[in-house]
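**Q** Can you read through this structure? Questions will come right after.
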Ligand SMILES: NC(=O)c1ccc[n+]([C@@H]2O[C@H](COP(=O)([O-])OP(=O)(O)OC[C@H]3O[C@@H](n4cnc5c(N)ncnc54)[C@H](O)[C@@H]3O)[C@@H](O)[C@H]2O)c1
């Protein structure tokens, strides 16, 4: 089978730049054509990266394309991924898989029927930081993990995104759909699948003001809760308290802390690839720092901060690793790590958090997925340049 897969990009927005940068790091794909519902965005993208721009319809039917990279907004993920599969293409999509669980289920079923691969971000759990935490947990460094805390909290995207409406919209908005995929995927990677959830939510403001771009100053409606507190019970009996919020001005808590029978662990930012794992095995002891900045997918690769808020020059960003690992898996006929079962399970948890907050009832998670395997140096070396 050929080594380099031709990728057709749909959705030429903010995050596209990061995937083009992935050409520098990974050896088995090339984005050769692009499309967007906004033809101008596709044309600008094509010009910037010296590729061809097509209409969405054309790219889906293009014979040169092996994989559709779906970087559209969350509410379009389902329809674009579905069309890609129906046109016989493998698909790799940004998170979440879809904005509702039923659509997610349909996508996975369709991909299985058509024997095509469907892959989904986030792939940050393949990075040096999450993988170091996994290695230490699997070696039983902190013993059995009994419980833990996880938090993503900030004031919301409205100050730096020119079109923030989707983040506050009724069916696709809120912090669980936006940031939940990173935290939930990272936790499933470390602890295995979730068994049940209980959740509460808050909506603190009815309106937000756009802080940037041509519509600066415009007031937009908040149509969804913007803070969720959830208790996640994992099948392995670990309990995690997860806070996801667009209502916090500032905080000093760690992204993820896990408390085991033999010690405590701070897991690095699940939105990024690098960072240090910290472990303390005695009360008031110093935290041992397990750095990952020399690992293959943990090395800092961002020198200057781009306009996107998720990048800082002190961390590593290898988005595209999941796409590359999926291609490697297609070529070697094995299950990829950012697979449909994992992303459907995460979507099931997201959906259940929303439902639990509405019904005030504990919800059992019915989907299953396997805890992803440790990403070995040998495997990483086979996909990086
Ligand atoms: N921006 C980030 O920092 C970031 C980081 C990680 C993941 N993501 C994810 O990446 C995806 C895209 O985010 P973004 O920030 O690039 O969004 P964006 O709004 O900047 O870009 C999305 C693009 O998709 C196009 N689009 C929308 N509907 C379409 C359709 N039906 N057909 C074809 N094109 C369509 C839009 O015209 C736009 O150009 C989202 O799922 C988001 O969750 C974004």
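Residue numbers (this note's numbering): -10 to 374. Even glycine gets a Cβ: it sits at the ideal position worked out from N, Cα and C.
#1: When we look at the beta-carbon of residue 308 and count the other beta-carbons within 10 Å, is it buried (16 or more) or exposed?
#2: Could you say which of 157, 51 and 124 lies nearest to residue 195 if we only look at CA atoms?
#3: Please classify residue 143: does DSSP put it in a helix, a strand, or coil?
#4: CA-CA distance, residue 50 and residue 18?
#5: Measuring only from the beta carbon, is residue 332 closer than 8 Å to any heavy atom that is part of ligand 1?
#6: In whole angstroms, what is the alpha-carbon distance linking residue 364 and residue 187?
#7: Taking residue 88 and residue 335 to be in contact with their CB atoms under 8 Å, please state how far apart those CB atoms are, rounded to whole angstroms.
#8: Residue range of the alpha helix (DSSP H) that residue 315 falls in?
#9: Where are the alpha helix (DSSP H) runs, 4 residues long or more, that stay fully inside the segment 113 to 183, in chain order?
#10: Relative to ligand 1, is the shortest distance from any of its heavy atoms to the C-beta of residue 3 smaller than 8 Å?
#11: Measuring only from the beta carbon, is residue 84 closer than 8 Å to any heavy atom that is part of ligand 1?
#12: What residues match up with residue 24 in a beta bridge as DSSP calls it?
#13: Roughly how many angstroms separate the alpha carbons of residue 362 and residue 116, rounded to a whole number?
#14: Closer than 8 Å to a non-hydrogen atom of ligand 1 - does that hold for the CB of residue 336?
#15: Counting C-beta neighbours from all protein chains within 10 Å, is the total for residue 20 16 or more, i.e. buried, or is it exposed?
#16: What did DSSP end up calling residue 274 once you bin it into helix, strand or coil?
#17: Determine the contact status of residue 315 and residue 79, defining contact as a CB-CB distance below 9 Å.
#18: Do residue 62 and residue 81 come within 9 Å of each other at the CB atom, strictly closer than that value?
#19: Check the C-beta distance from residue 370 over to residue 356 and give it rounded, since I have them as a contact under 8 Å.
#20: Counting beta carbon pairs with one atom in the segment 234 to 242 and one in the segment 132 to 145, are three or more of them shorter than 8 Å?
#21: Quick one: is residue 147 buried, meaning 16 or more other Cβ sit within 10 Å of its Cβ, or exposed?
**A** To lay it out plainly:
#1: The residue you call residue 308 lines up with position 319 of the chain shown. Residue 308 comes out buried.
#2: Position 206 of the chain shown, counted from the first residue, corresponds to residue 195. Nearest of 157, 51 and 124 to residue 195, Cα basis: 157.
#3: Residue 143 sits at position 154 when you count from the first residue of the chain shown. Residue 143 falls in the coil class under three-state DSSP.
#4: Position 61 of the chain shown holds residue 50. Position 29 of the chain shown holds residue 18. Going from the Cα of residue 50 to the Cα of residue 18 covers about 19 Å.
#5: Reading the chain shown from its first residue, position 343 is the one you call residue 332. Flag unset: Cβ of residue 332 not near ligand 1.
#6: Reading the chain shown from its first residue, position 375 is the one you call residue 364. Reading the chain shown from its first residue, position 198 is the one you call residue 187. The alpha-carbon atoms of residue 364 and residue 187 are separated by roughly 31 Å.
#7: Position 99 of the chain shown, counted from the start, is the residue given in the question as residue 88. Position 346 of the chain shown, counted from the start, is the residue given in the question as residue 335. That pair is no contact at about 13 Å.
#8: Counting from 1 along the chain shown, the entry for residue 315 is found at position 326. Taken as a continuous stretch (DSSP letters only), the alpha helix (DSSP H) holding residue 315 covers 310 to 320.
#9: 117 to 127, 164 to 167 and 169 to 180
#10: For the purposes of this step, residue 3 is identified with residue 14 of the chain shown, where counting begins at 1. Correct: residue 3 has its Cβ closer than 8 Å to ligand 1.
#11: Walking along the chain shown from the start, residue 84 turns up at place 95. Under cutoff, so the answer is yes.
#12: Taking the first residue of the chain shown as position 1, residue 24 is located at position 35. According to DSSP, which records beta bridges pairwise, residue 24 is partnered with -1.
#13: Numbered from 1 along the chain shown, position 373 holds the residue referred to as residue 362. Numbered from 1 along the chain shown, position 127 holds the residue referred to as residue 116. For residue 362 and residue 116, the distance between alpha carbons rounds to 13 Å.
#14: As a first step, residue 336 is located in the chain shown; it is residue number 347 there, counting from the start. Result no, Cβ not under 8 Å from ligand 1.
#15: Here the question's residue 20 lines up with position 31 in the chain shown. The residue is buried, with at least 16 neighbouring Cβ atoms inside 10 Å.
#16: Walking along the chain shown from the start, residue 274 turns up at place 285. Reduced to three states, the DSSP call for residue 274 is coil.
#17: Counting from one through the chain shown, the residue named residue 315 turns up at place 326. Counting from one through the chain shown, the residue named residue 79 turns up at place 90. Taking 9 Å as the Cβ cut-off, residue 315 and residue 79 qualify as a contacting pair.
#18: Residue mapping note: residue 81 aligns to position 92 of the chain shown, counting from 1. Residue mapping note: residue 62 aligns to position 73 of the chain shown, counting from 1. It is not a contact, given that the beta carbons lie outside the stated cut-off.
#19: Your numbering for residue 370 matches position 381 in the chain shown. Your numbering for residue 356 matches position 367 in the chain shown. Going by Cβ atoms, the distance from residue 370 to residue 356 rounds to 33 Å, so no, they are not a contact pair.
#20: yes
#21: Along the chain shown, one-based indexing puts residue 147 at 158. Buried.
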